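Quick notes on the structure that follows.
There are 2 protein chains.
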Amino acid sequence: MNIQKPSIPKGTRDFGAIEMARRNYIFSTIRSVFALYGFQQIETPSMENMSTLMGKYGEEGDKLLFRIQNSGEKANEPAEKGLRYDLTVPFARYVVQHKDELTFPFRRYQIQPVWRADRPQKGRYREFYQCDVDVIGTKSLVCELELIQIVQEVYRRFGIRVSLHINNRKVLAGIAEVIGEPEKMMDITVAIDKLDKIGIENVNKELAERGLSNDAIDKLQPILHLSGSNEEKLEQLSVILAESEVGMKGIEELRTIFELVNNSQLPPLGATTLHSKLSTLNLELDLCLARGLNYYTGAIFEVKALDVEMGSITGGGRYDNLTGIFGLPDVSGVGISFGADRIYDVLNELNLYPDTLEQTRLLFATFGEAEQAYALQWAAALRQKGIPTEVYPEPTKMKKQMAYADSKHIPFVAIVGGDEMANNTVMLKNMTTGEQKQVTLEELGNDELNRFAK
Amino acid sequence: MNIQKPSIPKGTRDFGAIEMARRNYIFSTIRSVFALYGFQQIETPSMENMSTLMGKYGEEGDKLLFRIQNSGEKANEPAEKGLRYDLTVPFARYVVQHKDELTFPFRRYQIQPVWRADRPQKGRYREFYQCDVDVIGTKSLVCELELIQIVQEVYRRFGIRVSLHINNRKVLAGIAEVIGEPEKMMDITVAIDKLDKIGIENVNKELAERGLSNDAIDKLQPILHLSGSNEEKLEQLSVILAESEVGMKGIEELRTIFELVNNSQLPPLGATTLHSKLSTLNLELDLCLARGLNYYTGAIFEVKALDVEMGSITGGGRYDNLTGIFGLPDVSGVGISFGADRIYDVLNELNLYPDTLEQTRLLFATFGEAEQAYALQWAAALRQKGIPTEVYPEPTKMKKQMAYADSKHIPFVAIVGGDEMANNTVMLKNMTTGEQKQVTLEELGNDELNRFAK
Chain A
1 MNIQKPSIPK GTRDFGAIEM ARRNYIFSTI RSVFALYGFQ QIETPSMENM STLMGKYGEE
61 GDKLLFRIQN SGEKANEPAE KGLRYDLTVP FARYVVQHKD ELTFPFRRYQ IQPVWRADRP
121 QKGRYREFYQ CDVDVIGTKS LVCELELIQI VQEVYRRFGI RVSLHINNRK VLAGIAEVIG
181 EPEKMMDITV AIDKLDKIGI ENVNKELAER GLSNDAIDKL QPILHLSGSN EEKLEQLSVI
241 LAESEVGMKG IEELRTIFEL VNNSQLPPLG ATTLHSKLST LNLELDLCLA RGLNYYTGAI
301 FEVKALDVEM GSITGGGRYD NLTGIFGLPD VSGVGISFGA DRIYDVLNEL NLYPDTLEQT
361 RLLFATFGEA EQAYALQWAA ALRQKGIPTE VYPEPTKMKK QMAYADSKHI PFVAIVGGDE
421 MANNTVMLKN MTTGEQKQVT LEELGNDELN RFAK
Chain B
455 MNIQKPSIPK GTRDFGAIEM ARRNYIFSTI RSVFALYGFQ QIETPSMENM STLMGKYGEE
515 GDKLLFRIQN SGEKANEPAE KGLRYDLTVP FARYVVQHKD ELTFPFRRYQ IQPVWRADRP
575 QKGRYREFYQ CDVDVIGTKS LVCELELIQI VQEVYRRFGI RVSLHINNRK VLAGIAEVIG
635 EPEKMMDITV AIDKLDKIGI ENVNKELAER GLSNDAIDKL QPILHLSGSN EEKLEQLSVI
695 LAESEVGMKG IEELRTIFEL VNNSQLPPLG ATTLHSKLST LNLELDLCLA RGLNYYTGAI
755 FEVKALDVEM GSITGGGRYD NLTGIFGLPD VSGVGISFGA DRIYDVLNEL NLYPDTLEQT
815 RLLFATFGEA EQAYALQWAA ALRQKGIPTE VYPEPTKMKK QMAYADSKHI PFVAIVGGDE
875 MANNTVMLKN MTTGEQKQVT LEELGNDELN RFAK
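Just so you know, the protein sequences line up as chains A and B, in that order.
Its first residue numbered 1, the first sequence is counted upward by one per residue in our numbering.
Its first residue numbered 455, the second sequence is counted upward by one per residue in our numbering.
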């Protein structure tokens, strides 16, 4: 038998118990907020037909698709199936394929891995989870409000302070129009998206390289430097874009969204208990926010953590024709995507994980077989009280059993010897403080453990 | 733009909102029981190196592996990566690769999809979830007990009556020995595994085809027809296998497991509240239980639903050298796997899903923009009370909003018109009974909805 050195493909990861407990905390927090807003989960297959995937992510994206070899006679023909590259295209495919079964507006969320044959590097993986939430089938800006509220509530629960940057593709189109380069909206978008990273001089250089006239670049400068409150910026912008129909439509949409957000942060109606527990939202109109994807047509969002240097941790926007390619035109939707890997890093850096993630709370350590049988009965009772419990499976040296508890960070050990059995107790040890005390089964419950933990 | 008819690869599935809510119920029920027993979740990559996968599932299995095309220059060379075929081999690879970070005995569970290029047919898919739980690094039969308890508790929570069939590979080896065909243990195993499906005559025919002597087949017959209680069967078997060392070891293991199970079902110790809420376990020694996989070396299990015609819904066993191929010999472990797709079907057939799976509890339907703004504030308050709430995003025709609630099976609609706004109420409608009443925001909570539901 050949012995193989175990390894995994580059760009992929194993997640151990601690990482998984943290990832589960992230996903379950996000899911529970989605559920409060009436979003329901769907899942699509890991493999899609290549025809579903090709041409949806640009030329570069096509190259990054993982292809599945055909089986049998077709092995040497072009691959028929590929791995999901994101959750958006499968979602569009799903909506069209199942349109007769769905109730619109359709509210769904989806948390699944995606695969990209990217060159692996720090923080960039070939397999990673996406976590998307979308409403499709309505143009109502109430959906934008709800997504903003979801962002606010998710990060409130995590304890991460964030700012939410918002812009509108129609405003960007209006800007392209009034500076005299209406065809160059995507070029402008791509260039100014980099303002934060490369600075204004390099942005202007790139704009010139992308064929913008000097005149247009000059006209763009004051727009990139608008200042003041969101309302003040919109006021100035409405003068600049006065001649652009699409630009003014974008301003109107932004005004409506700000208004909806402001109203939803108002003090309670009448004498009720409506007072919002949400922290104040940092909602910032950011005219340099562009987002690379070309299917956005309305509001676009990005969320950044205030206390950690990190790229966008959540982003999204409105699209008017995502399902068109699959034969269902003119269905507007809006969605955002939470970046689980980056949220993981932010929580780590700020040390914001709760103390009690999924793990064993109490281990029975025993001196012999009779003690073990006794412990097994206690364990069954504690599990009925909802306490995650283990019995060390071998009545081996006490030192080894304690080392096991230590290494797994199990907070309590219940030691069982002959004395304890004789008087129907266990010796409960707090592994943090070293404190010990005898307890009966009636006493031993979550309350007692919480008291003893202090 | 070409319009594509949306479809997915054969043998794969989309899961819609209702299916996902049910699947989430299944997985979360199983997970919460695993957690009570101190098992922790891990995840491994969807892709493994082909060297990890090849040769682990027999010749047939190698053919059913989904291979990923290499990229770039290596595109025409044999695939370096393949999709996970089960969770067992990746688990073995994981344990060896991370052995220095793990605490043994290592208790893990894993719930992830696997892929097989099988011919798709009813109930057989090319992508499906497995749900495995294992302890590795101890020979203690307490682990077998815990897995049996987990099975019992999981199915108790589901409300599914089951029988748990148990056998032992060492007993099967002993039988092969005493009938004079020690080399043919796997042949015997594979044949008698089919007893239920094809009957004793066909089993005997297959045994002959597999090269067993008539004498051996004759000797096997009484063993296949042992009857009585588990203890009686073991008693008879211990006479038959008296000359086989391995067979007697198997009997001893089975006796220990039965004893552990019996003790754990005893009445409470002393005057405690230990009384088990678990239903009585149908644990049945089944000498025809063989299980196809060749890595099992000790106890083997299978679980069947009593009230539905269906194959095994959970199965597993002990293995002594799963990690050997990756360079870590002599590490014994035991595990079981829950079949989510079959459990789904059983719950469906017996109509055992809880009424309230993840879904919107209340929809606000409004007559205009002012009413919608009012509803948005109420919705925020209800969500703070933990009630999954939607506001219909457009103040369109009331009929359309009610149809939306109907089609999504939302149990309550809160109707908001001018009158309701004027006196700070909503008109709450029970969508099942048609009953309506005016309520204030203070009144509107989970308790009120529960009362009104009746």
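Ideal Cβ placement from N, Cα and C applies to all residues, glycine included.
In this text, all values refer to a predicted model and were calculated from it rather than measured experimentally.
Considering only DSSP beta bridges, list what residue i is partnered with.
i	result
Q690 of chain B	According to DSSP, which records beta bridges pairwise, Q690 of chain B is partnered with nothing at all.
H409 of chain A	DSSP output for H409 of chain A lists no bridge partner at all.
P567 of chain B	B:Y583
Q674 of chain B	First, the residue type needs correcting, since residue 674 of chain B is Leu and not Gln in the sequence shown. Answer is none; L674 of chain B lacks a bridge partner.
M501 of chain B	B:L537
D588 of chain B	B:R562, B:G789
S667 of chain B	According to DSSP, S667 of chain B bridges with nothing at all.
Taking only the alpha-carbon atoms, compute the straight-line gap between residue i and residue j and give it to the nearest angstrom.
i	j	result
V549 of chain B	M504 of chain B	18 Å
I250 of chain A	V239 of chain A	One detail in the question is off: residue 250 of chain A reads as Gly in this sequence, not Ile. Taking the straight line from one Cα to the other gives about 13 Å.
L367 of chain A	P463 of chain B	Contrary to the premise, residue 367 of chain A reads as Phe rather than Leu in this sequence. Straight-line Cα distance between these residues: approximately 57 Å.
C742 of chain B	N621 of chain B	8 Å
S861 of chain B	R573 of chain B	36 Å
I257 of chain A	K99 of chain A	28 Å
Q377 of chain A	Q384 of chain A	11 Å
R361 of chain A	I410 of chain A	6 Å
T751 of chain B	S791 of chain B	17 Å
S229 of chain A	A833 of chain B	28 Å
L599 of chain B	G771 of chain B	12 Å
G789 of chain B	T425 of chain A	32 Å
V190 of chain A	A290 of chain A	7 Å
R22 of chain A	D355 of chain A	11 Å
D341 of chain A	E253 of chain A	32 Å
S461 of chain B	Y579 of chain B	16 Å
L898 of chain B	L836 of chain B	8 Å
E689 of chain B	I633 of chain B	18 Å
R538 of chain B	L519 of chain B	8 Å
E637 of chain B	R615 of chain B	38 Å
K510 of chain B	D540 of chain B	10 Å
S698 of chain B	A414 of chain A	41 Å
T557 of chain B	V893 of chain B	56 Å
Count the other CB atoms within 10 Å of the CB of residue i; is the residue buried (16 or more) or exposed (fewer)?
i	result
G423 of chain B	The structure shown has nothing for residue 423 of chain B, since chain B only spans 455 to 908.
E812 of chain B	buried
A242 of chain A	exposed
R169 of chain A	buried
K81 of chain A	buried
I313 of chain A	buried
L760 of chain B	exposed
S786 of chain B	buried
E302 of chain A	buried
P388 of chain A	buried
Just to confirm my understanding: we take residue i, look at its own chain, exclude 5 residues before and 5 after, and list those with CB closer than 6 Å. What are they?
i	result
P267 of chain A	Because the pLDDT of P267 of chain A is 44, which lies under 50, any placement of that residue in the model is unreliable, and the number read from its coordinates should be weighed accordingly. Contacts found: none.
T498 of chain B	P544, Y548
D740 of chain B	H619, N621
Q41 of chain A	Y109
S32 of chain A	none
D187 of chain A	R210
N716 of chain B	none
E844 of chain B	T814, L817
CB-CB under 7 Å to residue i, same chain, minus the five flanking residues each way: which ones, in chain order?
i	result
F780 of chain B	A546, R547, V550
I192 of chain A	V203, L224, C288, A290
### Query
Going along the chain, which residues of the region 152-167 of chain A sit with their C-beta nearer than 9 Å to a C-beta in chain B?
E153
### Residues from the region 866-892 of chain B in contact with chain A, defined by Cβ distance under 7 Å
Against chain A - using a Cβ distance shorter than 7 Å - the residues of the region 866-892 of chain B are N878.
### Message
Under 8 Å, CB to CB, which of the residues in the region 694-720 of chain B have a partner in chain A?
### Response
L714, N717, S718, L720
### Message
Tell me which residues of the region 315-337 of chain A have at least one Cβ-Cβ distance to chain B shorter than 8 Å, keeping chain order.
### Response
Among the residues of the region 315-337 of chain A, those with a Cβ less than 8 Å away from any Cβ of chain B are G324, I325, F326, G327, in the order of the chain.
### the region 391-415 of chain A: positions lying closer than 7 Å to chain B by Cβ
V391, P393, E394, Y404, S407, K408
### Query
Using a Cβ cut-off of 7 Å, which residues of the region 118-132 of chain A contact any Cβ in chain B, in chain order?
E127
### Message
Give me the subset of the region 513-529 of chain B whose CB atoms are less than 7 Å from a CB atom of chain A, sorted by chain position.
### Response
F520, R521, I522, Q523, S525
#### Entry: Residues, ordered as in the chain, of the region 27-54 of chain A that lie near chain B by beta-carbon distance below 8 Å
A35, L36, Y37, G38, Q40, Q41, I42, E43, T44, P45, S46, M47, E48, N49, S51, T52
#### Entry: Contact residues within the region 664-688 of chain B, judged by C-beta distance below 7 Å to chain A
none
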